[in-house]
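Residue 13 in numbering that gives the first Met the number 0 sits at position 14 of the sequence shown, and the numbers go up by one each step.
Structure first, commentary second.
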Amino acid sequence: MGGVVEVEQSVTAAGVPDRHRVAVVGGGASGVLTALQLLSSTGDSSLAVTVHEATGVLGRGIAYGTSDPRHLLNVRARHMSAYADVPSDLLDWAVRAGRDPDPLGFLPRMEFAAYLQDTLAGVADHRLTISAGRVDDIVPVPGGFEVRTRDRSTSAATVVLAHGNQRPQPLTELAGLPGHLADPWDLAAIRALPGDATVVIVGTGLTAIDTAITLLEDEPRRRAVMVSRHGLLPHAHIEQQSTAWVSHVPEGPLTADGIAAFVRGQVEAARSQGVDWRNVVDGLRPQTQSIWRRLDLEQRRRFLAAHARDWEVRRHRMAPEVADRIRGYLRDGRLTLAAGGVGGVDEVGGLAELVLPDLRDRVLADAVVNCTGPLTDISRSGEPLLQALQARGLIVPDPLRLGLDSTPAGEVLGADGTVVPGLYAVGPPRKGTLWESTAIPEIRTQAAEVARAVLARKLAPELAANV
Ligand SMILES: Cc1cc2nc3c(=O)[nH]c(=O)nc-3n(C[C@H](O)[C@H](O)[C@H](O)COP(=O)(O)OP(=O)(O)OC[C@H]3O[C@@H](n4cnc5c(N)ncnc54)[C@H](O)[C@@H]3O)c2cc1C
Numbered sequence: 000m001g002g003v004v005e006v007e008q009s010v011t012a013a014g015v016p017d018r019h020r021v022a023v024v025g026g027g028a029s030g031v032l033t034a035l036q037l038l039s040s041t042g043d044s045s046l047a048v049t050v051h052e053a054t055g056v057l058g059r060g061i062a063y064g065t066s067d068p069r070h071l072l073n074v075r076a077r078h079m080s081a082y083a084d085v086p087s088d089l090l091d092w093a094v095r096a097g098r099d100p101d102p103l104g105f106l107p108r109m110e111f112a113a114y115l116q117d118t119l120a121g122v123a124d125h126r127l128t129i130s131a132g133r134v135d136d137i138v139p140v141p142g143g144f145e146v147r148t149r150d151r152s153t154s155a156a157t158v159v160l161a162h163g164n165q166r167p168q169p170l171t172e173l174a175g176l177p178g179h180l181a182d183p184w185d186l187a188a189i190r191a192l193p194g195d196a197t198v199v200i201v202g203t204g205l206t207a208i209d210t211a212i213t214l215l216e217d218e219p220r221r222r223a224v225m226v227s228r229h230g231l232l233p234h235a236h237i238e239q240q241s242t243a244w245v246s247h248v249p250e251g252p253l254t255a256d257g258i259a260a261f262v263r264g265q266v267e268a269a270r271s272q273g274v275d276w277r278n279v280v281d282g283l284r285p286q287t288q289s290i291w292r293r294l295d296l297e298q299r300r301r302f303l304a305a306h307a308r309d310w311e312v313r314r315h316r317m318a319p320e321v322a323d324r325i326r327g328y329l330r331d332g333r334l335t336l337a338a339g340g341v342g343g344v345d346e347v348g349g350l351a352e353l354v355l356p357d358l359r360d361r362v363l364a365d366a367v368v369n370c371t372g373p374l375t376d377i378s379r380s381g382e383p384l385l386q387a388l389q390a391r392g393l394i395v396p397d398p399l400r401l402g403l404d405s406t407p408a409g410e411v412l413g414a415d416g417t418v419v420p421g422l423y424a425v426g427p428p429r430k431g432t433l434w435e436s437t438a439i440p441e442i443r444t445q446a447a448e449v450a451r452a453v454l455a456r457k458l459a460p461e462l463a464a465n466v
């Protein structure tokens, strides 16, 4: 299923005046949804959109590039449409592809990549170019930017950064240890481990859950220990209740502790009426960005330190089938959950020996997988593009180091604190500004808003005079 958009080039955009050119850097979900919005919002044949994708294959990125069909979406199918105003779009696609999808169910994530590819293919025409290659620099030039890869340089009046999630921050204490797997999304390395391997998974979030499934599901003799400081697993989705719960967040100044107390109060109130806490969390989702923006920097810091973990494990939940698998591994003793983090590591006879304060015995592991979550502090990123953009003052980390600094509308802020004209961002890099900025329901809205801004800019007379 899924007509793969894997072309090196569709139609070249040569000859089109620069001001019509838009470069989208990154062809994961954020880049594809942005291209989709640009192409479907206007029939203007002078528009030229180039999506630069390091792997050359669109729609996958980290989340949907998984090769394990048991890695499911963590959002119900009816909320994963590419278009906010056509909620049935993914379900309609699945039916066309011969499936019988449950609107309240959770599709395999790899199918979502096929959906994005097919949906983009449905609007793609001569205006779309797919450029395979990693962009390693973007240079401001009169009227726009030069977008550089190792062997090519193209110009664009507008650039949308959609480079997505980064690999986890390296765990320096594990560097050099035997069996250290720094990239949790390299499933081939996990599959290649011995059939009786003992593996320590550092992290207990959704990526750790994926790793446990790929590791344990087909190899009954393998064992895993999942460890994090708090030892909390994501909660599970349950059968959806029809009772929506709308919380009216109080007017006036907000504090992190105040909003946490408010949510607890709402959960209590919902419970007293027989409504599950999940409905409270889901009901708050449309307001989360505005709540975040009402917290000042100090209060956002307080939220991160005191409440973010509790929120994240409730907000980003496992599909019920996934939760069943994990419960099964725990019950069978093949998976152990430990809090307290990693106390120490050593190398013993070619294996990694770990001290986990929560467990009585040391763990002798064939492999240790870093599932601590995507690195968000761009100042610590080894990505050539992010380093180059910071060196040029075109991007800076946001004050909380959750991504890059931007306006709520997605305009990128440079080192001098002002908007860099023509430079936008979509997706996870906007987390510092919006908090809720990593899942499809938010990304598709951002993609539509940025596409509107880009198209309005294309028509702006001052830009036309510029080129
Ligand atoms: C494991 C996992 C599971 C998730 N599951 C869900 C889910 O079920 N539902 C949901 O709504 N959200 C989910 N998310 C959230 C996820 O962040 C978004 O849904 C979405 O996939 C983000 O897409 P993206 O394109 O911004 O980032 P990414 O998926 O990281 O894709 C970025 C793309 O840009 C390319 N790229 C990066 N830098 C460059 C460069 N310099 N030059 C060229 N190309 C470049 C990369 O190769 C990659 O293809 C999940 C996230 C993860 C990590």
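Built from N, CA and C at the ideal position, the CB exists for glycine as well.
With contacts defined by Cβ atoms closer than 8 Å, A255 and L294 form a contacting pair. Within the region 180 to 209, the runs of alpha helix (DSSP H) that reach at least 4 residues and sit entirely inside it are, in chain order, 186 to 190. The closest CA to that of A408, considering only L388, K430 and P233, is found on K430.
Between R277 and I237, the CB-CB gap stays under 8 Å. Close CB contacts of S380 within its chain, under the 8 Å cut and outside five residues either way in sequence, are with Q165, L374 and Q386 (chain order). Excluding five sequence positions before and after A447, the CB atoms of its chain that fall closer than 6 Å to its own CB belong to Q36, given in chain order.
With respect to the C-alpha of P193, the residue from Q445, R220 and G26 having the closest C-alpha is R220. Spanning the alpha carbons of R300 and D124 requires a straight line of approximately 46 Å. Assignment of Y328 by DSSP, reduced to helix, strand and coil, places it in the helix class. For G143, the enclosing beta strand (DSSP E) has its first and last residue at G143 to T148. In the same chain as L388, and ignoring 5 residues on each side of it, the C-beta atoms closer than 7 Å to its own belong to I137 and I394, in chain order. Rounded to the nearest angstrom, the Cβ distance from F105 to L127 is 30 Å, too far for a contact under 8 Å. In the three-state reduction of the DSSP assignment, L412 falls in the strand class, which pools E and B. Around the beta carbon of H229, fewer than 16 other beta carbons lie within 10 angstroms, which makes this residue exposed. If one requires a minimum length of 3 residues, the beta strand (DSSP E) runs lying completely within the region 113 to 139 are 127 to 131, in chain order.
Counting only residues of its own chain and dropping the five nearest sequence neighbours on each side, R59 has a CB closer than 6 Å to the CB of A112. Ranked by Cα distance from A161, the options R108, A452, I439 and P428 are led by P428. A direct Cα-Cα distance of roughly 23 Å separates D345 from A191.
The beta carbon of M79 sits closer than 7 Å to at least one heavy atom of ligand 1. The C-beta distance from V74 to P440 rounds to 7 Å, short enough to meet the 8 Å contact threshold. In the three-state reduction of the DSSP assignment, G175 falls in the coil class. Rounded to the nearest angstrom, the gap between the Cα atoms of G132 and E382 is 14 Å. Only buried fits L353, as 16 or more other CB atoms lie within 10 angstroms of its CB. Looking at the DSSP output, P107 sits in a beta bridge with L71.
Following the DSSP letters along the chain, one finds R222 inside the beta strand (DSSP E) bounded by residues R222 to V226. Residue range G343 to V347 is occupied by the beta strand (DSSP E) that includes E346. Distance check between L454 and each of G26, G27, A305 and G42 places G42 closest, using alpha-carbon atoms only.
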